[in-house]
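In our numbering, the protein residues as written are 184 to 1065.
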C-alpha cells in the first residue's frame, strides 16, 4: 500500500533554474488571479504525485523557495518539499473538532505563514519549521484569506472585524463593522444579546457577515461585509473609512450577499453579488479621489429567475479588459466577459465554484466534476483535463510555480502536476466523508430526525423536542449555492440541495463537510432531499431533463437515478415519500423555457412561440392560475433499491397542471392534491366542456389504486397537503376559482374526502399548513400568521411580524423563523429569540432536529446550527473552545 502521507512521485529534477513564488491566494493582494509571467505546457504535464492531508482541502496552496504550504479543512498546516513531495513539517491548530471547514488560504509574508481558522484564531507560523510565532485570538471565525500588501497583512473575521498586522503578526489596528456601522456592541453571535438590542426581530439591515475574501490595493482595503462594500485606507496607525458602499437596487433593495471580490489594476472592485432567487450579477465599483463611487456592470453576468443562466459563486479573474468567471452551470462553467460585449464567450463547459487562475496563455480552474481543467485563454486550441481518482470536487484555486500546477481536492489530497510527471496514482481513499464527531445529546436518536422538507412523511411541518431560549451558536459554515428548502437531517448529517445542483452533507455536531456531489443540467431546482435508512433521495430538475437521484447518504455515491418530468417551481419543494420499499413522487409534464410563451404561463418575461405553441416558464409565479394543455398531473412510484418504475398514475382526465401539487402519507395511505388553475372558465372561453379547477385523491401507495377522488377541494398552488389524525389540510396561494376573491383552508376527512370544515377567509396559506399536537398554523405571503381551532377551523389568533414569504416550521410551542427567530405561541406571539442576522433574505425559517436548531440562508451562502438548554451548557462553538 502506498504511504498515506506520500504517494510515489516520478519526477525528481524538474526545478527551474530560478525558483518562482506564489505568495498568496490568486497570486496577489488584489486577488486578480493574473499571473501572466507564468508559463505551462499542458501536453507535457503529468502527475508528479499527491500528498495526503488530514481532511478535505478547501484552501489554495502557496509556494516559496521550493516549498509548498497548504492548510486542510481541519486547520492543519503543511510544508511540503516541491521536488520530493516529502512533508517537511505539519502544524495542527487549536479549536477541537469544531475547527473544521477551514477556507482561509495561507499567505506568505516574509519568513512567516499567515492564515485564519474557523476556531477564531489568526495563526502566524515560522515558515522554516512550522512553529507558532503568534496565535491571535479574535474569538470570531475567520473565513477570509489574509492579503499581503507592502509591509502589512490584512484579514477580516466572519463577524466583520478587520485587522492590520505586521509580518510577525503584531496587530497594528483594527476596525469593527458591527460596532461602527450597525452600532451593536454586544456578542455578535448571541441571539440573546441581539434580542436585547433590537426592538423587535433582526432583519436585512442588521446583516453583518464577511464570509468571503477581502482584497487590497496598495493601502486601500476593500471588504465585502453585511451586504455592503467597505473601503478602508490604512493610514499607518489607524484606518480611515473612505466609504461604506452599497450595491445599487436591482431585483430588490435589501443588502445583497457577496460571493466574490477581485480588484483590477486600477483599483476597481468586481463584486459578484446575489439578492434573491438567482437575481445576481458582477458589479464594478470604482472609487474616486473624493471617496465616492462610480458603478458599472460586467456584461453578460446578470441572471434572474426568468432568464437563462445561473449565477456565479466565486471571484472573477482579470487581465486587461477581459473578465474571466466560473459558474456551476454545465456548458458555461468558464466564460470570458468583455466591456462592451453583451454576451459571454464560453471557454470550457465544466461547471465550477472555483475561481480561475490565469497564466500566460491558459486558464486553470477546478471543476465540480472532480477534475482540474486547463483551457486556452483565446478560446481556440485544445483544453486539458486532469481527473482526480475519487471524483471529489476541486473548489479552491491552484498555485503555479516552476512549471508545476499545485491544487487541493475535497478528497483530502494535494495534487502536483509537473512537466514529465508520470506517476500512476494508486491512492488510498482517505474517506473524509466518515463522521468524526458523532451527534450527541438526549435527542440523538433517529426518531428525532427532521428527515424531509416538511419534517415527516405526513408533511405536518412540526415536532416538539423541548427547545427553549436562549440559544447558543454551535457552528457556522460557508455554502456556495442558494437554497429554498429547510435543512434535512439523518444519520448524524445535515443535507442541503442547492438550486444549482449541488448536494452537500455535513456533520450535524460540528458542521464539518463530509461530501459534495453535483449533477449537470440542474436549473433552479428548489427541491429538498429526503433521508431514509442511509439513502438520500433528491429531485433534481432542469429545463431539459429531471431525475430523482438516489444517493448513499454516507458517501454521496449515486445508487440509481430515475427520470421524471415537470418543474419544481416555487411550490414543489417536497421530495418523495417512502412507503415500504417504494419511493413515490408527483409533478407535472410539458415543455418549459426560462420565459413562457404567453403571460398566463410566465413569471415576468415572455418569449412568444411560432404557431401558438404553449410553453410554461420553468419558474412561474404562485398567482399563475393557468397551465398549458401538455401539462399532465402525474405520480410515480419506484423501487427504493433499484430505481425501477413500479407504477405510474396520470390524472390528466381531470385537467391540465400537476406541478402545483402536494403528497403526504398517513396510516398507510397516500394522499395527493393538485391545482389545475381556473381551468373551468378557461375551457368555457375556448368553447370546450367546462372542467374542474383541482382535485384531491387517496391512493393505495403499493399499487396506485385510487381509493377516492374529490374535485370540490384541493390545494391552490404554493402549498402542499398536510395529513394528521385522520384529517387532510389544504391551503394555497390562490382563490379556488375565479368567481371569488376569497381564499380558504379546507380540512377534509381522510377516509372519504368529505369536508370537515372550511376556514374563514385568509389572505393566502403558503408552503404548508403546520399541524402540531397543540397548534394548527398557517401564514400568508406578507406574512399574516394565523392559528386555527382544529375542530371548527375558526381563526383563534392572528398576528403580523412583517416577514416576506418566510417558510416557517413549528417546534412546539415555538414558531421558527428566519435568522434564528423564535416566536412563543403559548400566550400570543412573543418573540423570544432573534439573530444573528446571517441572511439578508427571509425566505427560510430554521428547523429543529435532534434537539438542535439548523438554519440555511437562502441568499447569503451560510449554514449554521445552535443549541439550547443542557446542550448549550456543554457545547461551545469552536471560537469559544480554548
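Cβ coordinates follow ideal geometry from the N, Cα and C atoms, glycine included.
Closest to residue 442 by CA distance: which of 494, 528, 451 is it?
-> 494
When we look at the beta-carbon of residue 716 and count the other beta-carbons within 10 Å, is it buried (16 or more) or exposed?
-> exposed
Who pairs with residue 608 in a beta bridge, going by DSSP?
-> Looking at the DSSP assignment, residue 608 forms no beta bridge with any residue, so it has no partner.
Cα-Cα separation, residue 220 to residue 210 = 11 Å
Own chain partners of residue 250 with C-beta closer than 8 Å, once the 5 adjacent residues on each side are dropped | 262, 263, 264, 265, 271, 310
Segment contact, 8 Å Cβ cut-off, at least three pairs: the region 1018–1028 with the region 432–450 | yes
From 843, 215, 867, pick the residue whose C-alpha is nearest to that of residue 539; which is it?
-> 215
DSSP on residue 784, reduced to helix/strand/coil?
-> helix
CB of residue 758 to nearest heavy atom of the ligand FAD: below 7 Å?
-> The model depicted lacks the ligand FAD and carries no ligand whatsoever.
Can you tell which of 416, 762, 516, 511 has the C-alpha that lies nearest to the C-alpha of residue 847?
-> 762
Since I believe residue 482 is in contact with residue 520 (beta carbons under 8 Å), could you give me their beta-carbon distance rounded to a whole number of angstroms?
-> 6 Å
How would you label residue 658, buried or exposed, when you count the other beta carbons within 10 angstroms and need 16 or more for buried?
-> buried
Three-state secondary structure (DSSP) at residue 1003?
-> helix
Helix, strand or coil at residue 1051 according to DSSP, with G and I counted as helix = strand
On the DSSP bridge assignment, give the partners of residue 217 in chain order.
-> 541
Take residue 989 and list the residues in its own chain whose beta-carbon comes closer than 8 Å to its own, dropping the five residues that flank it on each side.
-> 962, 966, 1000, 1001, 1025, 1026, 1027, 1028
Have a look at residue 580 and residue 618 and give me their C-alpha separation to the nearest angstrom.
-> 26 Å
Assign residue 631 to one of three DSSP states: helix, strand, or coil.
-> helix
Taking the continuous beta strand (DSSP E) assigned at residue 229, which residues delimit it?
-> 228–235
Outcome for residue 905 when other beta-carbon atoms lying within 10 angstroms are tallied against a minimum of 16 = buried
As assigned by DSSP and simplified to three states, the class of residue 477 = strand
Please check the pair residue 313 and residue 624, which I expect to be a contact at CB under 8 Å, by giving their CB distance rounded to whole angstroms.
-> In fact, because the Cβ distance is near 36 Å, the residues do not count as touching under 8 Å.
8 Å contact criterion, which residue 541 and residue 487 should meet: CB distance rounded | Actually they do not touch by this definition, with Cβ atoms about 28 Å apart.
Is the beta carbon of residue 383 sitting closer than 8 Å to the one on residue 998?
-> no
Give me whichever residues DSSP pairs with residue 852 in a beta bridge.
-> 849
Are residue 766 and residue 821 closer than 8 Å when you measure CB to CB?
-> yes
If residue 553 and residue 570 are in contact, beta carbons under 8 Å, what's the gap, nearest whole angstrom?
-> 6 Å
If you run the structure through DSSP and keep just helix, strand and coil, what is residue 744?
-> strand
Rounded separation between residue 987 and residue 459 - CA only | 12 Å
Nearest to residue 669 by CA position, among 469, 947, 637, is which residue?
-> 637
From 823, 783, 826, 665, pick the residue whose C-alpha is nearest to that of residue 811; which is it?
-> 783
Coarse secondary structure for residue 1063, derived from DSSP in three states = helix
Cβ shell of residue 903 (< 6 Å), same chain only, five flanking positions each side left out = 642, 757, 845, 951
Compare the Cα-Cα distances from residue 635 to each of 676, 622, 654 and report the closest residue.
-> 676
Cβ-Cβ separation, residue 362 to residue 1017 (assumed contact under 8 Å), whole Å | Wrong, their Cβ atoms sit about 19 Å apart, outside the cutoff.
Residues of its chain near residue 1048, where Cβ-Cβ distance is below 6 Å and the 5 sequence neighbours each way are ignored | 657, 658, 1035, 1037
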